[in-house]
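See structure below.
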Amino acid sequence: MSEQEPEQKTNPQGDVISTAAPVKVEAGKDPHAEAKKQRVVTPEYFFFEAPRERVFITGSEAGKEAVRRANVDFSIAYPITPQSETMQLIGVLYGEGYVKEYYRGEEENGVMSTMAGASRAGVRCFTATAGPGTLRGIEPIASWPGHRLPLVAIFTCRVVNAPLAIQPDNIEITYLLNCGMILFHAENQQDVFDFILKGFLIGEANDVTLPVGIAYDGFFVTHARGYVWMPPKDIKIPPRQAYHGAVPVLDAENPPARLSRDAPVQKSNFMAYNIHNVWQQEVWGATERAKKYINYYMGGLLEAQDTDAEVLLVASGSAAAQSREAVRLLAEQGIRAGIVKIRSLRPFPTRELQQACAKAKLIVIPEYNYVGWLAKEVKSALYGELNPTPLIIGGPRVFGGMSMPVELIVETVLGGLKKVSPTQVPVGAGAKGNGGKKADEMSADDKSKLAHFYQNI
Amino acid sequence: MSLDYVKVSPGFEKYIAKEYRDFVEHGPFGKKVSVSQVGTFKEALEEHPMCAGCAMTLFIRLAIIAFPNPEDTITVGTAGCGRLAISQAMIPFVYGNYGDTNAVASGLKRGLMTRFPDKYKDVVVMAGDGGLADIGFSMMMHSWFRREKFTTIMLDNEVYGNTGGQESGMTTRGAVLKMAPLGKKFDKIDMPQLAKTAGCVYVATVVPNNPRRVESVIKKAVLIAREVGPTYIQAYTSCNIEYAIPTDKVMEDANNVEKDRYQFQEYITDEAKQYLADKWGYSEYKKKEIPGEVKA
Numbered sequence: 313m314s315e316q317e318p319e320q321k322t323n324p325q326g327d328v329i330s331t332a333a334p335v336k337v338e339a340g341k342d343p344h345a346e347a348k349k350q351r352v353v354t355p356e357y358f359f360f361e362a363p364r365e366r367v368f369i370t371g372s373e374a375g376k377e378a379v380r381r382a383n384v385d386f387s388i389a390y391p392i393t394p395q396s397e398t399m400q401l402i403g404v405l406y407g408e409g410y411v412k413e414y415y416r417g418e419e420e421n422g423v424m425s426t427m428a429g430a431s432r433a434g435v436r437c438f439t440a441t442a443g444p445g446t447l448r449g450i451e452p453i454a455s456w457p458g459h460r461l462p463l464v465a466i467f468t469c470r471v472v473n474a475p476l477a478i479q480p481d482n483i484e485i486t487y488l489l490n491c492g493m494i495l496f497h498a499e500n501q502q503d504v505f506d507f508i509l510k511g512f513l514i515g516e517a518n519d520v521t522l523p524v525g526i527a528y529d530g531f532f533v534t535h536a537r538g539y540v541w542m543p544p545k546d547i548k549i550p551p552r553q554a555y556h557g558a559v560p561v562l563d564a565e566n567p568p569a570r571l572s573r574d575a576p577v578q579k580s581n582f583m584a585y586n587i588h589n590v591w592q593q594e595v596w597g598a599t600e601r602a603k604k605y606i607n608y609y610m611g612g613l614l615e616a617q618d619t620d621a622e623v624l625l626v627a628s629g630s631a632a633a634q635s636r637e638a639v640r641l642l643a644e645q646g647i648r649a650g651i652v653k654i655r656s657l658r659p660f661p662t663r664e665l666q667q668a669c670a671k672a673k674l675i676v677i678p679e680y681n682y683v684g685w686l687a688k689e690v691k692s693a694l695y696g697e698l699n700p701t702p703l704i705i706g707g708p709r710v711f712g713g714m715s716m717p718v719e720l721i722v723e724t725v726l727g728g729l730k731k732v733s734p735t736q737v738p739v740g741a742g743a744k745g746n747g748g749k750k751a752d753e754m755s756a757d758d759k760s761k762l763a764h765f766y767q768n769i
Numbered sequence: 040m041s042l043d044y045v046k047v048s049p050g051f052e053k054y055i056a057k058e059y060r061d062f063v064e065h066g067p068f069g070k071k072v073s074v075s076q077v078g079t080f081k082e083a084l085e086e087h088p089m090c091a092g093c094a095m096t097l098f099i100r101l102a103i104i105a106f107p108n109p110e111d112t113i114t115v116g117t118a119g120c121g122r123l124a125i126s127q128a129m130i131p132f133v134y135g136n137y138g139d140t141n142a143v144a145s146g147l148k149r150g151l152m153t154r155f156p157d158k159y160k161d162v163v164v165m166a167g168d169g170g171l172a173d174i175g176f177s178m179m180m181h182s183w184f185r186r187e188k189f190t191t192i193m194l195d196n197e198v199y200g201n202t203g204g205q206e207s208g209m210t211t212r213g214a215v216l217k218m219a220p221l222g223k224k225f226d227k228i229d230m231p232q233l234a235k236t237a238g239c240v241y242v243a244t245v246v247p248n249n250p251r252r253v254e255s256v257i258k259k260a261v262l263i264a265r266e267v268g269p270t271y272i273q274a275y276t277s278c279n280i281e282y283a284i285p286t287d288k289v290m291e292d293a294n295n296v297e298k299d300r301y302q303f304q305e306y307i308t309d310e311a312k313q314y315l316a317d318k319w320g321y322s323e324y325k326k327k328e329i330p331g332e333v334k335a
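From first to last, the protein sequence lines stand for chains A and B. First residue of the first sequence: 313, per the working numbering; consecutive thereafter. First residue of the second sequence: 40, per the working numbering; consecutive thereafter.
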């Protein structure tokens with residue numbers, strides 16, 4: 313009997329976890345043997361028919377398992393917490409032959425530019441970043457849609473410095489909303505797995521040809537474990553069809569599209585404005601056309617439960633998970649609440665949201681960021697559309713990496729039912745709204761408002 | 040792919056502009072052309088919106104003639120004058136973001152190698168001194184450290200020409216330009232030396248007033264980059280507007296600058312020499328047989 317190998321830490325699928333090294337292969341055996349055995353299956357079989365097994369894995373591992381089955385050619389990234397674990401696991405896949413090209417990039421501006429180059433070459437591309445990395449790479453990221461590059465990028469949300477913090481806070485999504493890319497917000501490990509795989513098919517559809525961003529909250533999703541149903545690892549989705557895009561790839565095999573063919577396009581004149589105008593309309597038109605594929609593969613841009621209830625929680629990402637628990641706690645108190653989880657932030661499910669909220673009297677929007685980008689989106693979508701107008705509370709919000717106590721959502725709902733919003737901040741001493749009174753002259757009512765506010769931030 | 044992607048579909052010939060038909064019939068695709076034949080074939084770059092007397096345009100034109108396989112070449116550029124001419128060529132061109140050329144080219148080249156493992160697809164970066172030495176510095180250096188297989192050509196006019204005459208890292212010390220009102224306070228960046236240090240296997244500096252030399256270095260650089268490693272060419276391509284060089288003195292200026300700080304330099308590794316000799320028949324790099332030498 314041969315000497316025993318030291319035991320390796322594996323996930324329930326038997327893959328080595330959290331290590332930079334590929335699975336050890338016996339001498340003389342092809343390290344890519346398993347990858348070579350993978351069969352391409354139709355998306356329909358892959359998503360709707362293939363047997364699935366349930367595994368208990370982290371979000372990073374879910375990302376790895378999605379990429380293993382996604383027929384990815386090119387995947388690079390710069391290490392940044394909390395994304396690095398995902399991308400070093402992609403390195404393991406590279407060692408095993410599931411990904412063709414892989415290296416550690418120089419920094420995010422370079423990485424996102426390199427992704428643009430590779431995607432133009434016609435190969436399937438995947439990358440990841442987080443927080444400060446997203447902002448460092450935002451110039452090339454924001455130009456991907458205009459260049460019509462159908463790649464998939466994950467954004468494992470964290471605080472945008474400064475002050476320095478590495479904890480989850482999805483403020484970076486506010487910068488991604490207006491680039492023209494498709495943008496999903498994953499709630500859990502299952503979403504991570506599904507959205508990555510489906511993202512390739514949605515973004516690469518001929519009448520879409522756009523990048524797909526998949527945001528999820530760092531640590532809560534990347535590092536925590538959850539159950540994921542996944543098809544076996546010996547099947548993968550079809551490869552990218554380089555010649556099926558709305559804009560030709562640059563491979564000197566077909567006539568190229570040139571964004572800057574003629575000098576006038578780059579100068580300030582009527583033609584330049586007009587061309588840019590038409591191009592932007594087309595990009596945003598493509599996000600609208602993506603809706604049918606999102607509905608087909610993902611079962612809708614949003615997921616609504618019990619929308620007959622007068623109280624609705626509208627949330628995305630980890631806030632949706634917390635909202636589910638809040639719904640249960642509220643039910644214990646005899647308050648019926650429904651939930652709307654927004655899966656797709658771009659395209660935004662405006663009409664679907666209006667329908668889902670038609671009967672609501674109180675809408676509460678919990679978020680993991682200071683600025684409340686989702687509340688703004690929801691309010692824009694609903695403004696003037698509902699009669700009678702519901703009370704919409706943009707909150708509660710946690711930021712800087714705090715987790716969101718479910719009780720905070722419950723409190724906000726209870727306050728809302730009494731028409732008190734935690735974001736109705738009592739104004740400070742001497743301000744007009746306080747009747748010109750000084751802080752120590754606050755009325756009993758003001759003090760209780762202040763107490764309510766401080767309890768709820 | 041040679042001519043196939045530019046060929047006119049049968050029956051449509053009479054609807055296609057004469058310029059285009061001329062390119063298909065008399066262009067450089069699928070042929071070997073050289074700068075000495077200029078005037079006898081339709082060039083990939085003819086019309087352009089550049090200033091009168093622009094030396095950069097002459098250099099770009101020569102460089103494109105020199106591409107060993109223009110039909111399988113993709114150029115990558117960034118903001119600056121150069122891209123106004125490069126984008127007019129009958130060659131696919133990527134114009135991305137500021138200073139991103141060498142990162143884009145890294146992804147493009149690797150992607151093409153993945154899709155076409157048995158074919159040469161040449162990727163050539165052509166960007167200005169500001170685009171490469173200043174804003175694109177990190178991406179350029181890292182592409183060299185990684186030994187990416189493409190050619191980088193710096194169109195060095197020693198100034199931000201397109202932006203309106205600001206000092207760049209490649210400006211010479213003391214030059215008074217916008218944003219250097221008291222004269223530039225540090226030396227011109229020694230990019231050829233940095234290229235060698237960073238792992239380029241072929242480095243050359245040229246001026247455009249010697250077309251045959253331009254052709255020679257571009258050909259070598261593109262061929263070597265196919266299999267050996269990164270290559271770098273730095274060309275002095277004066278800005279006659281910002282440096283107020285009279286149009287008829289542009290070549291004279293190039294001559295003077297060549298003597299002053301732009302002497303022809305060529306660095307080539309032994310591996311690259313051997314590759315050119317073995318694969319592309321460069322006799323000057325063939326190992327000379329020493330009479331009477333006893334072979335091991």
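Even glycine gets a Cβ: it sits at the ideal position worked out from N, Cα and C.
Check the Cβ-Cβ distances between residue i and every residue of chain A, and say whether any is below 8 Å.
| i | result |
| --- | --- |
| Ala166 of chain B | no |
| Leu262 of chain B | no |
| Arg185 of chain B | yes |
| Pro330 of chain B | no |
| Asp292 of chain B | no |
| Tyr159 of chain B | no |
| Asp111 of chain B | yes |
| Asp139 of chain B | yes |
| Ile55 of chain B | no |
On a CA-only basis, which of the options is nearest residue i? Give me that one, please.
| i | options | result |
| --- | --- | --- |
| Asp618 of chain A | A:Arg601, A:Thr599 and A:Lys653 | A:Lys653 |
| Phe386 of chain A | B:Ala118, B:Ser126, B:Lys148 and B:Asn141 | B:Lys148 |
| Pro700 of chain A | A:Glu719, A:Lys671 and A:Leu726 | A:Lys671 |
| Gln313 of chain B | B:Lys46, B:Thr286 and B:Val267 | B:Val267 |
| Gln501 of chain A | A:Tyr415, A:Leu463, A:Gly375 and A:Leu447 | A:Gly375 |
| Glu664 of chain A | A:Leu694, A:Phe711, A:Ile369 and A:Asn482 | A:Leu694 |
| Ala389 of chain A | A:Val352, A:Ala428 and A:Pro363 | A:Ala428 |
Does DSSP classify residue i as helix, strand or coil?
| i | result |
| --- | --- |
| Leu315 of chain B | helix |
| Tyr275 of chain B | strand |
| Met230 of chain B | helix |
| Gln645 of chain A | coil |
| Val115 of chain B | strand |
| Pro576 of chain A | Residue placement at Pro576 of chain A is flagged as unreliable, the pLDDT there being 49, under the threshold of 50; the coordinate-derived value follows with that caveat. Reduced to three states, the DSSP call for Pro576 of chain A is helix. |
| Leu720 of chain A | helix |
| Phe62 of chain B | helix |
| Leu447 of chain A | helix |
| Gln553 of chain A | coil |
| Ala91 of chain B | coil |
| Met290 of chain B | helix |
| Ala105 of chain B | helix |
| Lys341 of chain A | coil |
| Lys223 of chain B | coil |
Between which two residues does the alpha helix (DSSP H) holding residue i run?
| i | result |
| --- | --- |
| Gln666 of chain A | Thr662 to Ala668 |
| Tyr414 of chain A | Not the alpha helix (DSSP H): Tyr414 of chain A falls in the beta strand (DSSP E), residues Glu413 to Arg416. |
| Thr398 of chain A | Ser396 to Gly407 |
Any beta carbon from chain B within less than 8 Å of residue i's own beta carbon?
| i | result |
| --- | --- |
| Tyr390 of chain A | no |
| Thr426 of chain A | yes |
| Glu418 of chain A | yes |
How is the beta strand (DSSP E) around residue i delimited, first residue to last?
| i | result |
| --- | --- |
| Phe467 of chain A | Val464 to Cys469 |
| Ile651 of chain A | Ala649 to Ile654 |
| Leu625 of chain A | Val623 to Ala627 |
| Val367 of chain A | Glu365 to Thr370 |
| Ser387 of chain A | Phe386 to Ala389 |
| Ile307 of chain B | Gln304 to Ile307 |
(message) My parser needs the alpha helix (DSSP H) runs of 4 or more residues fully inside the region 499 to 537 of chain A; what are they?
(response) 501 to 516
(request) Return the chain-ordered ranges of every alpha helix (DSSP H) run that is complete within the region 671 to 712 of chain A and spans a minimum of 4 residues. (result) 685 to 694
(message) Quick check on the DSSP output: what are the complete alpha helix (DSSP H) runs of length 4 or more inside the region 128 to 214 of chain B, in order along the chain?
(response) 140 to 154 and 176 to 184
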